[in-house]
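Below is one structure, written out as structure tokens; the observations come after it.
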Amino acid sequence: MLSTFKNAFKDKEIRQKIYFTLFILFLYRVGSNIAVPGVNAKAIAQVSQTGLIPMLDTVSGGGLENYSIFSLGVSPYITAQIVIQLLQMDIVPTFVEWSKQGEVGRRKTNQATRYLTLVVAFFQSLGITLGFNALTSMGLVKSQTPETYVEIAIIMTAGTMLLTWLGDEITDKGLGNGVSVIIFAGIVARLPRGLGEIFSENITDASASTRMQGILFFVGIIIAIVLITQFVTWVEQAIRKIPIQYTRRATTSGSESFLPLKVNVSGVIPVIFASSFIITPATVLMAFQNTQGDQHWYQVATNIFSLQTTPGVTLYTILIIIFTFFYAFVQVNPEKLSENLVKQGSYIPSVWPGKDTQKYVSGVLIRLSTVGSVFLGLVALLPQLATDIWQLPSSIGLGGTSLLIVIGVVLELSRQINGLLMKREYVGFIR
Numbered sequence: 121m122l123s124t125f126k127n128a129f130k131d132k133e134i135r136q137k138i139y140f141t142l143f144i145l146f147l148y149r150v151g152s153n154i155a156v157p158g159v160n161a162k163a164i165a166q167v168s169q170t171g172l173i174p175m176l177d178t179v180s181g182g183g184l185e186n187y188s189i190f191s192l193g194v195s196p197y198i199t200a201q202i203v204i205q206l207l208q209m210d211i212v213p214t215f216v217e218w219s220k221q222g223e224v225g226r227r228k229t230n231q232a233t234r235y236l237t238l239v240v241a242f243f244q245s246l247g248i249t250l251g252f253n254a255l256t257s258m259g260l261v262k263s264q265t266p267e268t269y270v271e272i273a274i275i276m277t278a279g280t281m282l283l284t285w286l287g288d289e290i291t292d293k294g295l296g297n298g299v300s301v302i303i304f305a306g307i308v309a310r311l312p313r314g315l316g317e318i319f320s321e322n323i324t325d326a327s328a329s330t331r332m333q334g335i336l337f338f339v340g341i342i343i344a345i346v347l348i349t350q351f352v353t354w355v356e357q358a359i360r361k362i363p364i365q366y367t368r369r370a371t372t373s374g375s376e377s378f379l380p381l382k383v384n385v386s387g388v389i390p391v392i393f394a395s396s397f398i399i400t401p402a403t404v405l406m407a408f409q410n411t412q413g414d415q416h417w418y419q420v421a422t423n424i425f426s427l428q429t430t431p432g433v434t435l436y437t438i439l440i441i442i443f444t445f446f447y448a449f450v451q452v453n454p455e456k457l458s459e460n461l462v463k464q465g466s467y468i469p470s471v472w473p474g475k476d477t478q479k480y481v482s483g484v485l486i487r488l489s490t491v492g493s494v495f496l497g498l499v500a501l502l503p504q505l506a507t508d509i510w511q512l513p514s515s516i517g518l519g520g521t522s523l524l525i526v527i528g529v530v531l532e533l534s535r536q537i538n539g540l541l542m543k544r545e546y547v548g549f550i551r
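The opening position of the sequence shown corresponds to residue 121 in my numbering, with each subsequent residue numbered one higher.
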């Protein structure tokens, strides 16, 4: 992987893409430190003690800690994507038709997603502001007027739309999926400080009698991170090869073509979707804490939509499993795949073209998604369970989700760079 990134800087086109991506991420990190006007910065420290900010920052990208213009990150956009993709599953005929219109339909879908992102971002920013203001004794908002709340919501919504546009620019002109890269950058930016806090708590600030135990604990965390990273990388790179034969192609090498399907077909998207699905209701509930905080329904809902409770972790794992199956069929549409094989004059040995191929591929996807969902669920769930059992810092509990996102994005960047390098070699050979 290191050699891949080293070779990438030797190619002018790839080097420009890397520099462009880094420039956009620099703008994002600068914006993450520009606080929203009219907010009491000291009050944010009180909110941090509740453990809500690390949970929200996992998907938003790290801007919430400073209550910056990028506080929401790309979380509203992800939520809007989930809703639109669900509507395309034979629910709303218009969206189903758009999904079959190719590039034109994709543009219409993207436009609808952005309109929905505006709505989600506005209400989510209102919910966060009202909720955080209720959690602090000194008040998050300096001027307690409806106009001030609306003004803050508009600024945060504009920040989300700007960040979404920057993500699209990364996708078009840079490297990787822009939304995933932005989330990746937010996680990586917080990683040194997170490890520093664990080191300080267990070693620097520990007494002489417990310092050795703290050193062993810190070393154990590092070893666990390395082992989990190797395991996640191994699973993410595992593929299932479906043999393909061509009726119109004469081959003399005897080698067989194949259709590669990843064991974890959905990648890291189900984790991001599940996190966003949990965080959005939790954000809205914060707005009702002042008026409904002592009500039974509020306490039950808060207990469910929290990554620090057993019901919340259970729901989170179930959502990961559901989204793994859902997104696998979005990524690899068996019906379209079957049609494309027929158009290319190819087929899967021992499987009839058409409906039989569609059923065969669907069966393979279900089996692969079963393994992928268990894998994603375990990696996201085990650190959270360890946090609850041994009362570890909340950052460790969210480490599984963060690790999945970081490894997934790095592998995707590596694959894209390898593809561009291979393209350069073929172009050079042709010339």
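We put the beta carbon where it would ideally sit given N, CA and C, even for glycine. All values derive from a computational prediction rather than experimental measurement.
Residue i: CB within 6 angstroms of a non-hydrogen atom of the ligand SAH
i	result
S320	As presented, the structure is devoid of all ligands, the ligand SAH included, so that no description of it is given.
Cα-Cα separation between residue i and residue j, rounded to whole angstroms
i	j	result
I272	L255	17 angstroms
G539	Q409	51 angstroms
F549	F129	Because F549 carries a pLDDT of 48, less than 50, the predicted location of this residue cannot be relied on, and the following value inherits that uncertainty. Rounded to the nearest angstrom, the two C-alpha atoms are 20 angstroms apart.
F337	G474	56 angstroms
V388	I440	10 angstroms
Y418	Q412	6 angstroms
D476	N453	14 angstroms
Q201	T233	6 angstroms
T444	V352	16 angstroms
T372	F495	In this prediction, T372 scores a pLDDT of 44, lower than 50, which makes its location untrustworthy; no coordinate-derived value is stated.
L427	V499	14 angstroms
V450	N460	16 angstroms
E223	L207	18 angstroms
T430	I438	12 angstroms
Q504	V433	8 angstroms
Q555	R535	The question about residue 555 has no answer, for the chain in this structure spans 121 to 551.
M406	I399	11 angstroms
G374	V471	Low confidence applies here, because G374 scores a pLDDT of 43, under 50, leaving its location unreliable and the question unanswered by this model.
Y139	K220	36 angstroms
F112	F446	Past the edges of the chain, shown from 121 to 551, lies residue 112, and the structure says nothing about it.
L311	K463	48 angstroms
K162	I362	58 angstroms
I100	K137	The requested residue 100 does not occur in the structure, where the chain is confined to residues 121 to 551.
E101	Q231	The shown model of the chain, from 121 to 551, leaves out residue 101, and the question about it has no answer.
S263	D288	35 angstroms
Y187	R149	13 angstroms
G314	S395	20 angstroms
Y366	E455	19 angstroms
F143	K132	16 angstroms
L537	V530	Inspection of the sequence shows that residue 537 is occupied by Ile rather than by Leu. Their backbone Cα atoms lie some 11 angstroms apart in a straight line.
T330	G528	37 angstroms
Where the alpha helix (DSSP H) containing residue i begins and where it ends
i	result
F304	G298 to F319
A402	I389 to M406
F449	T430 to Q451
T265	Per DSSP, T265 belongs to no alpha helix (DSSP H) and is neither H nor E.
A421	H416 to I424
I144	K132 to G151
E455	P454 to K463
N410	Q409 to Q412
Beta-carbon spacing of residue i, residue j below 7 angstroms
i	j	result
S386	A344	no
V526	I307	yes
V391	T277	no
V383	L488	yes
T141	L295	yes
G279	I189	yes
L260	N160	yes
V404	G247	yes
N322	G334	yes
L381	R360	yes
L145	A305	yes
N127	L501	no
L457	V481	yes
T268	G158	yes
Short CB-CB distance (under 7 angstroms) between residue i and chain D
i	result
V308	The displayed structure is made up of one protein chain only, and chain D is not part of it.
Endpoints, beta strand (DSSP E) assigned at residue i
i	result
Y366	I359 to Y366
L379	S377 to K382
**Report entry** the stretch 418-427 / the stretch 458-473 touching (three or more Cβ pairs under 8 angstroms)
**Finding:** no
Query - Inter-stretch contact (C-beta, 8 angstroms, three-pair minimum) for the stretch 150-162 and the stretch 230-242 - result: no
Query raised in the report: Can we say the stretch 294-304 touches the stretch 206-221, given the rule of at least three CB pairs closer than 8 angstroms?
Result: no
Query raised in the report: Counting Cβ pairs, one atom from each stretch, are 3 or more of them under 8 angstroms apart for the stretch 277-293 and the stretch 193-206?
Result: yes
Report task. Would you mind listing the alpha helix (DSSP H) stretches within the stretch 205-243 that are 4+ residues and don't spill past its ends, in chain order? Result -> 213-219
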